[in-house]
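S.K.: Below is one structure. I have some questions about it.
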Amino acid sequence: MEQTLNWRKGLFDSNYQVFGNALLKFSLNFSSLKNSAIATTQKGIYLLKSEGYTKPETKILNNKNEVLGIIRYDWTGFKAKIFLATGEEFDWSFQNSWLSRWSVNNHKDKHIIYNASTTNGAIHSNTDDDVLIFTGLFIREYYTRIIFAFVMFILILSTGRSIF
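Its first residue numbered 89, the sequence shown is counted upward by one per residue in this note's numbering.
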């Protein structure tokens, strides 16, 4: 099933709203200081909970606290692997150097392409799996937060050197 969805978020927040046919399909709300989020869909409520620093991963949980999948990150390549409890595996990666286009696919029959501008974007998908779709947005925000923290660290370091 081919579908095109639209998403939007605020300029300085990390809360996504995804629309299909001008109706709210689901929302993804991030915790302020942690890389965790709550996804609310028409089919249920899901928690994405990140753990670890040297081998970071995120668990995708349903409202019964059952693990539906695990995301494992490759920081050096800005990539991720999604392992669903059904046995399916998906690759997540950026598609351009501006980090405004990324995709999720299993190299078989499911493929999702995301496009972004500053506060909105489009999702082109051949699957209607909400969990897979919001997972792609979650990973993008995960990497965006890491890049932001790294830039802030460099700015603080460079300002600190000039003060002393």
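Just so it is clear, CB atoms sit at the ideal spot from N, CA and C, and this is done for glycine as well.
Evaluate contact between the segment 192-205 and the segment 116-127, counting only Cβ atoms and requiring at least three cross-stretch pairs below 8 Å.
M.R.: Result no; under three Cβ-Cβ pairs closer than 8 Å.
S.K.: For R272, write down the residues that DSSP places opposite it in a beta bridge.
M.R.: Nothing about residue 272 can be read from this structure; the chain reaches only from 89 to 252.
S.K.: Reducing DSSP to helix, strand and coil, say where T223 ends up.
M.R.: If DSSP states are grouped into helix, strand and coil, T223 belongs with the helices.
S.K.: Can you give me the Cβ contacts of I200 inside the same chain, cut-off strictly under 8 Å, excluding the 5 residues immediately before and after it?
M.R.: The answer, listed in chain order, is S191, V192, N193, I211, H212, S213, N214, T215, L220, I221 and G224.
S.K.: Opposite E200 in the DSSP bridges: which residues?
M.R.: The residue you asked about is not Glu; residue 200 is Ile in the sequence shown. According to DSSP, I200 bridges with V192 and S213.
S.K.: What did DSSP end up calling E177 once you bin it into helix, strand or coil?
M.R.: Looking at E177 - three-state DSSP - the assignment turns out to be strand.
S.K.: Under 8 Å between C-beta atoms, does K131 make it to chain B?
M.R.: Judged by its chain identifiers, the structure shown contains no chain B, having just a single protein chain.
S.K.: Which two residues bound the contiguous beta strand (DSSP E) that contains W95?
M.R.: Per DSSP, W95 belongs to the beta strand (DSSP E) from Q91 to K97.
S.K.: In three-state terms, what does DSSP make of T232?
M.R.: Of the three classes helix, strand and coil, the one that applies to T232 here is helix, per DSSP.
S.K.: What would DSSP say about S185, mapped onto helix, strand or coil?
M.R.: Correct three-state label for S185: coil.
S.K.: Ordered along the chain, which non-local residues of its own chain (more than five positions away) have a Cβ less than 7 Å from that of L233?
M.R.: This sequence places Arg at residue 233; Leu is not what is there. Closer than 7 Å at Cβ, skipping near neighbours: N123.
S.K.: Taking the alpha carbon of S185 as the point to measure from, which residue in H195, F171 and K167 has its own alpha carbon closest?
M.R.: When each option's Cα is compared against that of S185, the closest is K167.
S.K.: K137 bridges to which residues according to DSSP?
M.R.: Note: K137 sits in a beta bridge opposite K147.
S.K.: Considering only C-alpha positions, which residue in the set E177, K147 and I133 is nearest to D218?
M.R.: Checking every option, the nearest Cα to that of D218 belongs to I133.
S.K.: Taking all protein chains shown into account, decide if A237 is buried (16 or more other Cβ within 10 angstroms of its Cβ) or exposed.
M.R.: A237 is exposed by the Cβ-count criterion.
S.K.: Alpha carbon to alpha carbon, what distance is there between T164 and T129?
M.R.: Cα to Cα, the separation comes out at about 32 Å.
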